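Worksheet: one structure, shown below.
In the numbering used here, the protein residues as written are 1 to 611.
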């Protein structure tokens with residue numbers, strides 16, 4: 001607004017407006033809102049009005065700034081506007097800049113903003129009483145529950161994640177089987193957070209692989225900062241103290257400690273957990289294992305299982321998960337149709353191609369390579385000698401004999417142990433040079449740590465980082481931090497054993513499978529460390545396969561073993577199937593027949609150690 005000088009106002013004859021001070025309120029009404037920690041869901045915040053003087057020293061208003069929630073000042077409004085007396089009947093005081101000017105063309109009507117979709121909490125099938133059903137029916141949408149001022153979310157979840165949170169909230173027995181990279185961890189944390197806020201649960205036990213404990217602590221700090229968390233670790237007396245700690249509602253332990261401390265937490269006077277969560281729940285796929293028995297024997301009121309691969313070899317592994325959930329009796333036998341019906345009740349599975357239309361694509365390419373002359377000579381010699389030895393064994397041949405030959409041939413495909421020649425390394429070096437010059441990041445997976453160490457020496461020019469089981473747990477986070485933030489480290493060498501689960505590496509745009517794992521699900525898990533929520537660019541996945549070798553034969557067998565996963569879970573896409581090789585498949589690689597007792601026995605690969 002333009003203010004006229006006094007001389008100009010006198011010449012124009014327009015008197016300035018006079019403000020009647022008696023018409024002004026001499027105090028300001030301030031509204032203070034507050035709500036209790038446990039009341040964010042059940043009632044609106046309370047409101048108090050405090051008059052504050054406009055003249056004189058201001059009073060201090062009560063303030064509270066928690067360390068887990070930002071407090072925002074939205075605005076201040078005066079109850080009354082100043083009243084200006086009329087400058088005269090013949091003169092009208094105007095401010096030209098504030099007078100609305102007529103428009104020469106009509107403005108289009110404002111379009112109503114589309115209302116966001118609301119996710120209602122469904123009534124679980126086991127809620128039979130009217131009271132239980134009304135409890136879920138009268139709950140507000142999950143978006144409303146998670147948008148309260150005390151439930152701060154680091155970022156807005158996707159609609160399918162809201163659905164997953166609402167589904168877990170209402171389920172006493174649940175298997176969240178989303179494809180890797182869709183945020184199973186976040187959904188589980190948000191659901192247990194709401195359950196705690198509503199008073200339905202007070203104690204949670206989370207079981208996960210040991211390398212993932214740090215990741216879970218970090219995610220709990222991010223998504224539920226107000227919930228105290230303790231990791232069970234240390235000697236026996238310290239672990240007992242941590243197990244009995246009353247002011248830590250969420251306890252995190254690994255599967256090995258669960259078995260070791262079962263007698264301690266399985267005592268009659270030890271209270272039952274309100275919620276037991278198994279992350280990477282495929283660890284209990286063997287119903288006769290000590291891990292499975294320990295998990296099923298724990299006293300709890302709710303059971304959740306998280307895994308992207310509920311079936312790795314046979315339908316019986318899926319049955320083991322259903323037994324943990326209490327969906328079927330122990331050691332029950334069910335057919336495919338029964339499993340499919342049970343999956344519709346207890347399993348929630350989404351794939352990236354269905355729910356993340358905007359996620360950058362994953363581009364797969366199989367690089368068929370020709371062995372170098374030295375590799376070819378070593379491979380042909382090893383294969384011929386191995387087949388002769390298997391023939392000499394006759395009826396005494398076992399799966400272990402055949403497996404040793406397969407491993408030997410796979411190692412030669414990686415590099416010739418005598419000369420160090422490698423068709424894969426020649427191709428990899430050219431790829432890494434281009435990635436490094438463009439400022440990209442690449443992850444490489446291999447089955448053997450010795451192969452990773454060999455590659456580390458060959459690629460020293462690019463300063464690769466190594467992440468495998470021989471690296472102490474205390475140093476692993478530092479390796480990942482350096483890989484993410486150091487522009488001079490374009491390559492991370494990882495073993496399938498420790499790099500295929502629970503890590504977030506979505507800043508990498510290239511993934512190399514230097515050698516193939518026995519189970520395509522493990523390969524998918526490894527790839528999805530990079531191709532997941534948060535990835536901004538397409539992910540190029542390169543699988544090295546040596547032509548006319550055991551690698552090409554294994555690849556063809558794995559391509560034929562994806563239908564059972566689809567039959568049980570009803571997936572329209574079979575690219576994420578998780579069926580590994582069994583003994584019959586391994587024998588078939590050399591046109592041999594497995595013994596009657598070995599035909600369907602699962603192949604157990606050696607640890608990702610020395611080759």
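In this text, a Cβ means the ideal position worked out from N, Cα and C, and glycines have one as well. Model, not experiment: these values are computed from the prediction.
The beta strand (DSSP E) runs lying completely inside the segment 290 to 346 and spanning 3 residues or more are 303 to 306, given in chain order.
Annotated as proximal: residue 276 and residue 302, with beta-carbon spacing under 8 Å. When secondary structure is reduced to three states using DSSP, residue 251 falls in the strand class. With fewer than 16 other Cβ atoms from the protein chains shown falling within 10 Å of its own Cβ, residue 557 counts as exposed. Following the DSSP letters along the chain, one finds residue 406 in no beta strand (DSSP E) but inside the alpha helix (DSSP H) bounded by residues 399 to 414. Cβ atoms of residue 493 and residue 444 come within 8 Å of each other, at about 5 Å.
Approximately 6 Å separates the beta-carbon atoms of residue 169 and residue 121; this is inside 8 Å, confirming the contact. Linking residue 438 to residue 162 through their CA atoms gives a straight-line distance of about 37 Å. Annotated as proximal: residue 213 and residue 231, with beta-carbon spacing under 8 Å. Pairing residue 514 with residue 451 gives a Cβ-Cβ distance under 8 Å. Between the beta-carbon of residue 165 and that of residue 190 there is about 5 Å, and that keeps the pair under the 8 Å contact cut.
Boundaries of the alpha helix (DSSP H) harbouring residue 160: 159 to 169, taken from the DSSP string. For residue 409, the closest alpha carbon among the candidates 424, 382, 524 is that of 382.
Counting C-beta pairs with one atom in each stretch, the segment 521 to 528 and the segment 450 to 465 have fewer than three that are closer than 8 Å, which means they do not touch.
Of 395, 442, 369, the smallest CA-CA separation from residue 415 is found for 369. In the DSSP secondary-structure assignment, residue 510 is bridged to 442, 540. Taking a contact as a CB-CB distance under 8 Å, the pair residue 173 and residue 325 counts as one, their CB atoms being some 4 Å apart. When rounded, the separation of the alpha-carbon atoms in residue 364 and residue 512 is 10 Å.
A direct Cα-Cα distance of roughly 15 Å separates residue 308 from residue 319. Taken atom to atom, the span from the alpha-carbon of residue 356 to that of residue 537 is near 14 Å.
If you ignore the 5 residues before and after residue 167, its C-beta comes within less than 6 Å of the C-beta of 348, all in its own chain and listed in chain order. The C-beta distance from residue 297 to residue 262 rounds to 7 Å, short enough to fall under 8 Å. Annotation: residue 470 is outside any beta strand (DSSP E) and is labelled neither H nor E by DSSP. At least 8 Å separates the beta-carbon of residue 374 from that of residue 345. Residue 315 counts as buried, since at least 16 other C-beta atoms from the protein chains shown sit within 10 angstroms of its C-beta.
Judged by their CB atoms, residue 440 and residue 472 are not nearer to each other than the 8 Å cut-off.
Taking one beta carbon from each stretch, the segment 233 to 243 and the segment 179 to 197 have fewer than 3 pairs nearer than 8 Å; the two do not touch.
Annotated as proximal: residue 412 and residue 379, with beta-carbon spacing under 8 Å. Closest in alpha carbon position to residue 171, among 155, 192, 152, 484, is 192.
Residue 390 sits in a helix when the DSSP states are folded into three classes.
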